[in-house]
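Here is the structure we will look at.
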Amino acid sequence: MNETQRLLSSIYGTYIASEAPHQINISSTDARRLSRDIKSATQSILPSLEDIFNPSQAHIEKLLATDMYPRFVKHQVTASATMALASDRDRFPGLGDCFCITDPKRADNPIVFASDGFVSVTGYSRADIIPRNCRFLQGSYTDSQATKRLRVSIENCEETVELLLNYRKNGDPFWNLLYVSPLLDASGEVRFFLGGQINCSTTIHSRTDVLRILSMNDDDNESVIDSTQRTASVKSRESMKDVYMYPKSSFFKSFKKYKASPLVKDEAGMENELIDKLGKLQFNKQVEAFYTAYSKYVVLQYTPHSQALTIKYYSPGIIDILCLNLPNGSAAPIHDKDIFKVLAEHSPTSVSRSFKSVVREELRLGNAVSIETGLLTGYEEVKKQQGFFGSGKQDKGFKRTEEKYICHFTPLKDEVGAVAWVVLTVAPKVG
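Residue numbers (my numbering): 1048 to 1478.
Below is the structure:
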């Protein structure tokens, strides 16, 4: 606007004014009219044009302050966390063994069961946690828009992944990457909500740390990823929707079964596996990877006396990975089945006695345990010969192949520390 005003004044002074050095030949009447019009334009019309953009400017500024900039900050913090994941794993506690279950049928949807990892990450005692709503971890700087999105997802009984600023009991803030999913009973009704989280904060102590994180870019992240010099370890899996009609439960029983010693991981939880994976991914894949890791779960009811582990709730991810989808659109029933029997049906080997004894013993002690197993989740194309003596055309078919997974069994305990539920997450073996 200022430039336009200067241009009009220059035109008037150069060509129209009575003392103009290059005065054009116009009548005095036209010169006075032009003078009035230029004065009106520069003093009222042009300034009023600036107001046209005021509402839009206010909207954009509000959007920047309440949505875009917070999202950018979260992006940078999580990207910084990913860099630390590749080089400093100890800063990310709770991954894979930090769960809680809330009861929406009780007032305020309180936590009713929590894992030891949840207690450790939050810094609160079990008595402090149960029965309280998860919002007690929030504080004055927790993003209200993020909590609103989380609340809406819970009200709509939807899965969601959200990054929240939470606070430990001692007041220390931490970024909580949270996965929440409704648990549906056999009739399809929501009975509980399952929450899985990871403390993905990095060490931020000064303004310099903040500026360092905000100034990060993808090149920084890629340089760290390259410096780890680790090969890709997670195989992509194509959608099974076009081939889900091939496998049947009896198909798995046709494989020769044998007993093998289980490989027990040194530490329970997904830390070593998923952290390796996250450390290699760009930010736009991190939340997806986190969701993928937590979206394949089974919630088992634990009976202390018999040490039975009965399937009560499970995610669509488990249905997909085990190819339990049926041609009519339903899923093969696994509700109320023993988890070891289900794993045996979808494994090239029987679930060994040592596998079961290790899991049961650790759960009896109230400990989480991670153990390796093989599942028939891969597909391999085969050609089937038709006709006599090898004559005729070859039709394509599929057969199931074994892929390695880590089964993470995490006990969830009540207010007195008794194991009531066990969350089993199934994650691809990395490396």
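A virtual CB, placed ideally from N, CA and C, is assigned to each residue, including glycine.
Contacting residues, own chain, Cβ-Cβ under 8 Å from residue i (five flanking each side not counted)
i	result
Ala-1465	Pro-1351
Gly-1413	Asp-1163, Pro-1458, Lys-1460, Gly-1464 and Val-1466
Gly-1364	Thr-1339, Ser-1342, Lys-1343 and Tyr-1344
His-1188	His is not the amino acid found at residue 1188; the sequence shown has Tyr there. Once the five neighbours on either side are set aside, the close Cβ partners of Tyr-1188 are Leu-1212 and Pro-1220.
Arg-1080	none
Identified DSSP bridge partners for residue i
i	result
Leu-1471	Val-1345 and Phe-1456
Asp-1385	Thr-1357
Val-1199	According to DSSP, which records beta bridges pairwise, Val-1199 is partnered with nothing at all.
Arg-1447	Tyr-1426
Ala-1379	Ala-1379 is not bridged to any residue.
Pro-1229	Phe-1240
Leu-1224	Leu-1210 and Ile-1245
Cβ pair residue i, residue j closer than 8 Å
i	j	result
Thr-1169	Ile-1158	no
Arg-1467	Lys-1460	The sequence as given places Ala at residue 1467; Arg does not occur at that position. Yes, the Cβ-Cβ distance between Ala-1467 and Lys-1460 is below 8 Å.
Asp-1144	Gly-1164	yes
Ile-1063	Ser-1087	no
Asp-1244	Asn-1223	Going by the sequence as given, residue 1244 is Gln instead of Asp. Contact flag set, yes.
Tyr-1349	Val-1470	no
Phe-1240	Asn-1156	yes
Gly-1186	Tyr-1214	yes
Range covered by the alpha helix (DSSP H) that runs through residue i
i	result
Arg-1182	Where Arg-1182 is concerned, there is no enclosing alpha helix (DSSP H), given that its DSSP letter is neither H nor E.
Leu-1369	Where Leu-1369 is concerned, there is no enclosing alpha helix (DSSP H), given that its DSSP letter is neither H nor E.
Asn-1217	Taken as a continuous stretch (DSSP letters only), Asn-1217 belongs to no alpha helix (DSSP H), as it is neither H nor E.
Phe-1402	1400-1411
Pro-1102	1101-1110
Ile-1176	1173-1176
Val-1168	1163-1169
Glu-1206	From DSSP, Glu-1206 is part of no alpha helix (DSSP H); its letter is neither H nor E.
Ile-1071	Looking at the DSSP string, Ile-1071 is not in any alpha helix (DSSP H), and its letter there is neither H nor E.
Ser-1091	Neither: Ser-1091 is in no alpha helix (DSSP H) and is coded neither H nor E.
Thr-1051	1049-1058
Contact belief for residue i with residue j at Cβ below 8 Å, rounded distance in angstroms
i	j	result
Glu-1462	Arg-1182	So it is not a contact: roughly 19 Å between Cβ atoms.
Leu-1422	Glu-1450	6 Å
Leu-1347	Ile-1358	6 Å
Span of the beta strand (DSSP E), counted from its first residue to its last, around residue i
i	result
Arg-1083	No beta strand (DSSP E) contains Arg-1083, which is instead part of the alpha helix (DSSP H) from 1075-1087.
Ile-1245	1237-1246
Asn-1156	No beta strand (DSSP E) holds Asn-1156; DSSP gives it neither H nor E.
Thr-1149	1146-1149
Contacting residues, own chain, Cβ-Cβ under 7 Å from residue i (five flanking each side not counted)
i	result
Arg-1411	Gln-1354
Thr-1061	Ala-1067, Pro-1068 and His-1069
Ser-1362	Ser-1228, Ser-1342, Lys-1343 and Tyr-1344
Thr-1051	Leu-1093
Ala-1233	His-1382
Check: residue i C-beta below 7 Å from any heavy atom of the ligand MG
i	result
Arg-1080	Annotation note on the ligand MG: not contained in the displayed structure, which lists no ligands.
Cβ shell of residue i (< 6 Å), same chain only, five flanking positions each side left out
i	result
Thr-1472	Tyr-1344 and His-1455
Tyr-1059	Ile-1085
Ala-1078	Ile-1063
Leu-1371	Ala-1378 and Ala-1379
Val-1389	Ile-1381
Cys-1204	Pro-1229 and Val-1237
Ser-1200	Thr-1207
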